[in-house]
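To start, the structure under review is shown below, and the notes come after it.
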Amino acid sequence: MKKILLFALALGMGFSTIAQKAYKFKIDTREQKRIEAPANGIEPVSSAAVTKSEVKSRIITPSDRDAQVVNIVPIGTAANAYGWGFAGGQESLIPVRPDLNTIAVIHRMGGDEDPGGYSGDLGYDISTDGGLTWKTQTEFWIATENDGGDYYKDAARYPNAGLFKPEGGDTYLTFFAPILWGSNGGWGGYGFGVANTVDTSKHTKNMLVYPDQTDMMLAIPGGYFLTSQGLSIAVDDDQDIDATSYNGNLIITKGYWNADTQDFDYALESLDAPMDISDGPADIKVAFSPDGQTGYISTLGNDGEATQQSGYSNYYPIYWKTTDAGQSWEGPFFIQLDGSNGIEGIVYDHLTDQLIADLFEAPVPAREDISYTTSFDHDIVVDANGNLHIAVIIGPTGTDPQSIVSAKGYIAAVDLFTTDGGTSWYVEEMGRPATFRGTFGDISEDNRIRITSNESADKIFISWLDTDVEDAVDNDKPNLWCRGFEPATYLKTKDGSGVDGPTNVTLFSAGMWQAYMGQASKVCFTSGDTYTIPFVYEDMDPTDPVAAVRFQYITDFSFSDADFTIQGVDESMSESNIGSVSQNYPNPFGKQTYVNVSLTEGADLSLEVFTLTGQRVATRNYGYMTNGSHTLTIDGANLVPGVYFYTVISGYDKVTRKMIVE
348 MKKILLFALA LGMGFSTIAQ KAYKFKIDTR EQKRIEAPAN GIEPVSSAAV TKSEVKSRII
408 TPSDRDAQVV NIVPIGTAAN AYGWGFAGGQ ESLIPVRPDL NTIAVIHRMG GDEDPGGYSG
468 DLGYDISTDG GLTWKTQTEF WIATENDGGD YYKDAARYPN AGLFKPEGGD TYLTFFAPIL
528 WGSNGGWGGY GFGVANTVDT SKHTKNMLVY PDQTDMMLAI PGGYFLTSQG LSIAVDDDQD
588 IDATSYNGNL IITKGYWNAD TQDFDYALES LDAPMDISDG PADIKVAFSP DGQTGYISTL
648 GNDGEATQQS GYSNYYPIYW KTTDAGQSWE GPFFIQLDGS NGIEGIVYDH LTDQLIADLF
708 EAPVPAREDI SYTTSFDHDI VVDANGNLHI AVIIGPTGTD PQSIVSAKGY IAAVDLFTTD
768 GGTSWYVEEM GRPATFRGTF GDISEDNRIR ITSNESADKI FISWLDTDVE DAVDNDKPNL
828 WCRGFEPATY LKTKDGSGVD GPTNVTLFSA GMWQAYMGQA SKVCFTSGDT YTIPFVYEDM
888 DPTDPVAAVR FQYITDFSFS DADFTIQGVD ESMSESNIGS VSQNYPNPFG KQTYVNVSLT
948 EGADLSLEVF TLTGQRVATR NYGYMTNGSH TLTIDGANLV PGVYFYTVIS GYDKVTRKMI
1008 VE
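Each residue of the sequence shown is one higher than the last, beginning at 348 in the numbering used here.
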């Protein structure tokens, strides 16, 4: 008995040691926790009358800010802002079919164009000429189930949608939404069906409810996708909302087209998804490749598999993969963000020496000891080669478990991607948001990051919300930002000034500082070498989310092939003699900086330095170097201040990183 007690005491002391945090933050650290899910979807019945607040702050205007000054057209309306305003919004609110030149926007009804309309009904706006002209407010879901209360049990919330055209048939809007059945914390049911966009009198209404039809606790599906093969798939977490406990599973709802009923037939599946956190994953998404064969389900969570750094607990991506069009799934797999086995572009590139010195108390931690986390919403796309791309905000983990340091300069909008189906992972930074979270009445929204691809999925575009007002702390006057990335070449788009940075989509437009709940489509329109990305936001009163809103469509934001000129970071994308290449140190530097290179085998070695525009400004050939570690010197005496790339070359293998000359 005594030995058992001693063992338990030692084990407890061991856990205490592991949990002890190895470094400390300075007092001014700004952190954010996950937005709590609503207990139900019932917004206040009424609110005080308020007017839209005036914006008087001055915008930041450094050289890397530019815009096209887009045109914006009003489309449909909704009773309030809640339909698009929760934890990043749903995955597919703006379905697009480029081959049909068709775009739709799904939303709840009500507002100026639907006077007296009920916010639990659903409708859509649609354009069949690429967004030039619109038919708005077509209602297809009407709530009717009422037990005598103020709200209907089949009132719909947070919808997802796709556009489906069976061979020889009309185009249908497919939809999938949670309903207020009331059996699980106010939720407990799904509403789904199709709406014929040609004959608008034809639409279906189906429901699946807990516990009458399933023992899985239905809540709010965050992931939805309609594949090229006609699979309609939604993903939710099996969660007891009343008890605020996660049941350890994901709920997959798969639907296939039934030509006889002119509707989708759905069935539920359970996917094992254990988590080390009681409230389950923070976000769930699903996406497939253009051919509909390779797909991924992605969550942000903590399942205890990733190595935790320095006693801090974070979120990281956890995913499942299918290669048979969703018939079976492999996983879960996790992505190690940080530590000695983390993604080099995060571990060594995310924070400069100055940012580290400003954030941590002395002695500052080694880069390999710093804990990094994702934020609380993300988006995914599967590229033309069947590889997953995850658009997400990355930052240092805060002092509270699963919190993020959101102070200016510490978060980045990134693409986490694989080139080999998930064996290796890399990161490409798209931009550094200045702010993280905005609050509008009782709605809180973060950067709402989104990812869009062209139809062939060989170009992707990552967008997010940010407030670029001088000295802004909160993301309460949002603009839409966007940047393109071409996986095959690692080229990124420049902004309109030709600078390495994202483009402010709404700058100087009618949507400037007012792109509330901004959302991008999953697919863009392509015309020749031009890629037009559909964006929609809510024209709302930021102080009163209960007030009616109007949706605003951005008609003409685009990138062309000529905009893809900024070379991204190639972190040794294949088997290589190059074992590792460090970030240069010091960085930034003036006269000299150093790079540690490890060779797994003896080989010829050289180093080249390029400007942002691709001009080679320095070359040094070291000749044959033995296996092992070598320190290379970069001379900055003849380099003008700015951002450069250095490339270490061994045979056909190259590793490229960024550096800054002061």
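Glycine is no exception: its CB is placed at the ideal position from the N, C-alpha and C atoms.
Quick caveat: nothing in here was measured; it's all calculated off a predicted structure.
Could you tell me the alpha carbon to alpha carbon distance between residue i and residue j, rounded to whole angstroms?
{"i": "Tyr932", "j": "Leu952", "result": "19 Å"}
{"i": "Asp700", "j": "Tyr941", "result": "14 Å"}
{"i": "Pro637", "j": "Ser803", "result": "6 Å"}
{"i": "Ser439", "j": "Asn826", "result": "20 Å"}
{"i": "Asp311", "j": "Leu647", "result": "Given that the chain is displayed from residue 348 to residue 1009, the structure contains no residue 311 and the question cannot be resolved."}
{"i": "Tyr884", "j": "Ser927", "result": "44 Å"}
{"i": "Lys632", "j": "Asn968", "result": "46 Å"}
{"i": "Val452", "j": "Gly509", "result": "10 Å"}
{"i": "Ile422", "j": "His454", "result": "11 Å"}
{"i": "Asp1000", "j": "Gly949", "result": "13 Å"}
{"i": "Met1010", "j": "Tyr991", "result": "Since the displayed the chain opens at 348 and closes at 1009, residue 1010 lies outside it and no answer follows."}
{"i": "Tyr465", "j": "Ile880", "result": "31 Å"}
{"i": "Met456", "j": "Ser905", "result": "30 Å"}
{"i": "Phe680", "j": "Tyr757", "result": "27 Å"}
{"i": "Tyr505", "j": "Pro525", "result": "7 Å"}
{"i": "Asn943", "j": "Gly651", "result": "32 Å"}
{"i": "Gly692", "j": "Asp821", "result": "27 Å"}
{"i": "Glu514", "j": "Val443", "result": "18 Å"}
{"i": "Asp623", "j": "Glu677", "result": "20 Å"}
{"i": "Asn649", "j": "Pro462", "result": "45 Å"}
{"i": "Met554", "j": "Lys1005", "result": "53 Å"}
{"i": "Gly535", "j": "Lys755", "result": "39 Å"}
{"i": "Gly436", "j": "Asn924", "result": "45 Å"}
{"i": "Tyr659", "j": "Tyr863", "result": "33 Å"}
{"i": "Gly602", "j": "Ile441", "result": "20 Å"}
{"i": "Pro558", "j": "Phe783", "result": "38 Å"}
{"i": "Pro988", "j": "Leu838", "result": "23 Å"}
Checking 9 Å against the spacing of the C-beta atoms, do residue i and residue j come in under that value?
{"i": "Pro914", "j": "Tyr695", "result": "Here residue 914 is Gln; the residue named in the question, Pro, does not match the sequence. No, the pair does not count as a contact, with Cβ atoms beyond the cut-off."}
{"i": "Tyr571", "j": "Phe523", "result": "yes"}
{"i": "Leu706", "j": "Val752", "result": "yes"}
{"i": "Thr746", "j": "Thr376", "result": "yes"}
{"i": "Ser575", "j": "Gly639", "result": "yes"}
{"i": "Ile682", "j": "Ile727", "result": "no"}
{"i": "Phe635", "j": "Ala672", "result": "yes"}
{"i": "Gln939", "j": "Ile1007", "result": "no"}
{"i": "Gly577", "j": "Phe511", "result": "yes"}
{"i": "Pro621", "j": "Ile598", "result": "no"}
{"i": "Lys552", "j": "Trp488", "result": "yes"}
{"i": "Phe936", "j": "Glu1009", "result": "yes"}
With burial defined as no fewer than 16 other Cβ atoms inside 10 Å of the residue's Cβ, what is the status of residue i: buried or exposed?
{"i": "Gln655", "result": "buried"}
{"i": "Ala835", "result": "exposed"}
{"i": "Arg963", "result": "exposed"}
{"i": "Asn688", "result": "exposed"}
{"i": "Pro628", "result": "buried"}
{"i": "Lys806", "result": "buried"}
{"i": "Ala909", "result": "exposed"}
{"i": "Val1002", "result": "buried"}
{"i": "Gln749", "result": "buried"}
{"i": "Asn493", "result": "exposed"}
With DSSP collapsed to three states, give me the class of residue i.
{"i": "Gln379", "result": "strand"}
{"i": "Arg795", "result": "coil"}
{"i": "Val739", "result": "strand"}
{"i": "Ile717", "result": "coil"}
{"i": "Trp431", "result": "helix"}
{"i": "Leu706", "result": "helix"}
{"i": "Gln701", "result": "helix"}
{"i": "Pro421", "result": "strand"}
{"i": "Ala867", "result": "strand"}
{"i": "Asp612", "result": "strand"}
{"i": "Asp638", "result": "coil"}
{"i": "Pro568", "result": "coil"}
{"i": "Gly848", "result": "coil"}
{"i": "Leu440", "result": "coil"}
{"i": "Val694", "result": "helix"}
{"i": "Glu922", "result": "Here Glu922 scores only 46 on pLDDT, less than 50, and its place in the model is too uncertain to base an answer on."}
Could you check whether the Cβ of residue i sits closer than 8 Å to any heavy atom belonging to the ligand PLP?
{"i": "Gly983", "result": "This structure lacks the ligand PLP; in fact it carries no ligand of any kind."}
- Counting Cβ pairs, one atom from each stretch, are 3 or more of them under 8 Å apart for the segment 416-436 and the segment 846-864? Between the segment 416-436 and the segment 846-864 there are three or more inter-stretch CB-CB distances shorter than 8 Å, so the stretches are counted as touching.
- Task: Report yes or no: do the segment 726-738 and the segment 365-382 share at least 3 C-beta pairs separated by less than 8 Å?
- Result: Pairwise C-beta distances place the segment 726-738 out of contact with the segment 365-382, as fewer than three of them are shorter than 8 Å.
- Query: Should the segment 774-786 be regarded as contacting the segment 745-762, the criterion being three or more beta carbon pairs within less than 8 Å?
  - Reply: In short, these stretches touch, since the Cβ pair count reaches three.
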